[in-house]
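Just below is one structure, and these are the notes that go with it.
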Amino acid sequence: MKALLVTLALTAGVLFTVSAPSASAAAKSVYIPARWTQTGEVPWAQNRTRESTNFILLWGEKSGTNPTSAPSPYNFDPNSIITQLENLYSFYVNTMQFTPEQGLLAQYKIIVIVTNTWNRTELNAWATGGSVDGRVGVINIAPGAALPGSWGLAHELGHVFQNYTFLGRSGYGFTDPSAGTFWESSAEFMAMQALPTTAAGDLTRWLRSENLYYSSSRHHYGAWMLLQYIKDRDGLAMFNRIWNEARSNEHPLEVYRRITGITQAELNRRVGEYATRTVTYDFGNRSTLMPFINNVYGAGFLNNAYNGGNVEAVNQSLGHYRINARVAPSDYGFNKVKLVPATDGGLVKLRLRGHAETGATGWTFGLVAVRNGTPRYSQLYTGTDGQIDFQLQSGEREVWLVATATPNAVPHYAFLDGYNKARRFPYEFRVSGATPSGFEPGYVKPAATNGGHWHSNGGGWVGPGANVAASAYVGPKAAVYAGTVTGNARIEGLGWVNGGTVGGNAIVKDNALIQNGANLSGNIVVGGDAEFAIACGSGTYLAFNPDRRCDGAGGETDVNPSFTTFSSDALAIGGGTTTPPPAGGQNVAGQAVASASYTNAWESVAAVNDGIDPPSSNDTVNPRWGTWPNSGQQWAELTWSSAVSLNKAQVYLFDDNQGIDLPSSWKLQYWTGSAYADMPGASGYPVAANAYNTVTFTTVSTTRLRVVLQSNGTNSVGLLEVKAFTP
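Residues in the sequence shown are numbered consecutively from 0, following numbering that gives the first Met the number 0.
Set out below in structure tokens:
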């Protein structure tokens, strides 16, 4: 949909050579719009094409009829491009099962235009993907973007498949203006399924803009982590369903809410839970993600002393703080605030109150304790005023407050609506037992790493390739990664300078981003989510607007009203509403996140705690979890954000008589905090079909419950539902 903006390092992924199609498979036709040659729009010629089972490659005059021997930069290997695409096609259709190979996808070969090889400059581009005439997919790809292991091909073919979810299906598809970011984050997510060790989106942009509304165009290549959470929770098939079942007037979160059958309140809870997982990137792909996190550009700041949102002290002696209102989260954005415990293993109490008088309708917040990189989660609170009491364990040296803006309805911000059109959710908090990082007694900022340094005026980060005058100001949460800052210029808030020059009395603030080519001077103010790469010396620019030039005018109107800071008494610890513990004898399985040793692509591990009572072990209507074709010992697990007490469980076994059979045996294990142990005092583990198998045991307190199943010979195993009961 959009061209990739940077060239990414490309390495081998997990794709395998695709096997030849069966002889009975119907050959696809080639559809190329007649106007392309009639009007010269795409002046292709038959002797400059290459076909395969699912693609036709077109290239321009500058590459000749044998592009492998064409002069640079017009040379490329058609066979390499075709082979990569066929492997990716097989992955998306057969392995990922993103959308059925039927209808137009089964009828026509996807067109691939090799750009930058034509005499027409209109055919110069880096990489895009989409469709033409509502009939056939089209990829535009430059030779440099299609080298072996190409991320660009994986991303743009993802866009093509996204189009096929609604081509020829009136009323379906993500065509609502609010879905633009979802196209890009989904294409990145799809590419990551195919090439997990190649790239992970634009992480620097994402990490410095998590507070912006989820659908913001300013982090569309990095907003895929919510999709990873959905995959971990509901299975990859849920991501496919979101795309294939979307209606044309829906926001992606509305689609997810509808097809999962959850309420708006539960949607908000899940988004809040996802946000807490970003503290340590506690996702199923963490092992392949962390190398990219650790090496993002600006890692010396983002992974060192950034420590989350821009916190301001209201009354430090009383533990009263607020988030800077300009970087408070917008709808489904979030802030992370690092807290330093006062004592080892102490009790942290935090009361958060949102400024609901501004029109913001709800906050979901939780605490995350971290010990040696391992997270432990408090219960979440959703509302406008609440308190969480969280008992730390020994060795948990840091705690994070994660506050997410969770409205009472999903807003439909358009792709380019920008910062000032989005509702922000300002809040304040009082905390005891911990202090926001940077405010604790004796705080010493850690040494700058990665060749950077802390600026003497303001304490912000200056990268090794940047030049900042002593007279310029760089705030503690701002960064100058590259470029030059001179005079009395100020980089405030979460402002980030990627290049160019900022001088005079210029101000860069909020989430603004300054790129190469910028030359800011005079009294210009660049804030909100604006991006600048031009020369300008006057005016105020508070929203990303690619059509607005240097006009010297005032800033865009902001929908967010002013408000008054709460008194410290209004946030007294002990006030608010504390999340109650689960009632005795309650099934708390639905409060957990399900995971498994393996899940086949067409089923979902989220089925095991979706709350649906199966009609039989061969349930063909409701979601199921199965391990076909894997056999041997398999497991499914429930994980709670904080410890729960359990003394009974019920397990409904899956048996489809087609390779998934009842296990030969099964048992329960629980997480002790350092290892899995068999459930003490278990009453026995019956293996019955078409009924819940009940087991009681000695009460345990745990964050994880595992159902371990041993397959019957070479057959696979599965579960339909698990219930876990408190005493």
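Positions of the beta carbon are idealized from the N, C-alpha and C atoms, including for glycine.
Small disclaimer: the values here were computed from a predicted structure and weren't measured.
Judged by DSSP secondary structure, Leu211 falls outside any beta strand (DSSP E); it is assigned neither H nor E. Take Trp627, set aside five residues on each side of it, and the residues of its chain with a beta-carbon closer than 7 Å to its own are Asn599, Gly658, Ile659, Ser715, in chain order. Secondary structure note for Trp460: its beta strand (DSSP E) is the uninterrupted segment 460-467. In this structure, Gly234 and Val604 form a Cβ contact; the two beta carbons are roughly 6 Å apart against a cut-off of 8 Å. Judged by their CB atoms, Asn323 and Thr98 are not nearer to each other than the 8 Å cut-off.
Residue burial is scored here from C-beta neighbours: Ala477 has at least 16 other C-beta atoms within 10 angstroms and is therefore classed as buried. DSSP places Gly482 in the uninterrupted beta strand (DSSP E) bounded by 478-484. In its chain, beyond the 5 residues on either side, Gly482, Thr483, Ile513, Gln514, Asn515, Gly516, Ala517, Asn518, Leu519, Phe531, Ala532 have a beta carbon closer than 8 Å to the beta carbon of Gly499. With respect to Leu637, Ala588 sits close: the two C-beta atoms are nearer than 8 Å. The DSSP-derived three-state label of Pro614 is coil.
Taking one beta carbon from each stretch, the region 298-315 and the region 182-195 have fewer than 3 pairs nearer than 8 Å; the two do not touch. Excluding its 5 nearest sequence neighbours in each direction, Ala69 has C-beta neighbours in its own chain below 6 Å: Ser62, Gly63, listed in chain order. Less than 8 Å divides the Cβ of Ser28 from the Cβ of Tyr107.
Taken in chain order, the unbroken stretches of beta strand (DSSP E) that lie wholly in the region 287-333 and span 3 residues or more are 310-314, 319-322. Judged by their CB atoms, Glu249 and His219 are not nearer to each other than the 8 Å cut-off.
Excluding the 5 residues flanking it on each side, Ser216 has same chain C-beta neighbours closer than 7 Å at Gly179, Thr180, Phe414, Leu415, Phe543, in chain order.
Proximity of the region 125-144 to the region 375-385 falls short of the contact definition, fewer than three beta-carbon pairs being nearer than 8 Å. Residue burial annotation: Thr698 is exposed, with fewer than 16 other C-beta atoms found within 10 angstroms of its C-beta. For Ile140, the beta-bridge partners assigned by DSSP are Val113, Ala126.
Annotated three-state conformation of Leu661 is coil, per DSSP. Linking Asn78 to Pro66 through their CA atoms gives a straight-line distance of about 10 Å. Around Gly332, the same chain offers Glu209, Asn210, Leu211, Tyr212, Tyr213, Ala404 as residues with beta carbons nearer than 7 Å, after the five sequence neighbours per side are excluded. Membership of Arg49 in the beta strand (DSSP E) is indicated by the continuous run 48-50. Secondary structure note for Pro435: its beta strand (DSSP E) is the uninterrupted segment 433-435.
Distance from the CA of Gly361 to the CA of Gly573, rounded to the nearest whole angstrom, comes to 20 Å.
At the C-beta level, Ala199 and Glu155 stay beyond 8 Å of one another.
Judged by DSSP in its simplified three-state form, Leu252 adopts helix. Taking C-beta atoms as the reference points, Thr279 and Val369 count as a pair closer than 8 Å.
Pairing Val721 with Val326, the inter-Cα distance amounts to about 41 Å. Ranked by Cα distance from Phe188, the first of Val159, Phe165, Tyr163, Phe238 is Phe238. Under the three-state reduction of DSSP, Gly271 is assigned to helix.
When rounded, the separation of the alpha-carbon atoms in Ala236 and Thr120 is 41 Å. Between the C-alpha atoms of Gly672 and Asn559 there is a straight-line separation of about 45 Å. Runs of the alpha helix (DSSP H) spanning 4 or more residues and lying entirely within the region 379-421 do not occur at all. Minimum Cα-Cα distance from Gly271 among the listed residues Pro328, Tyr305, Met289 corresponds to Pro328. At a Cβ-Cβ threshold of 8 Å, Leu718 and Trp624 count as neighbours.
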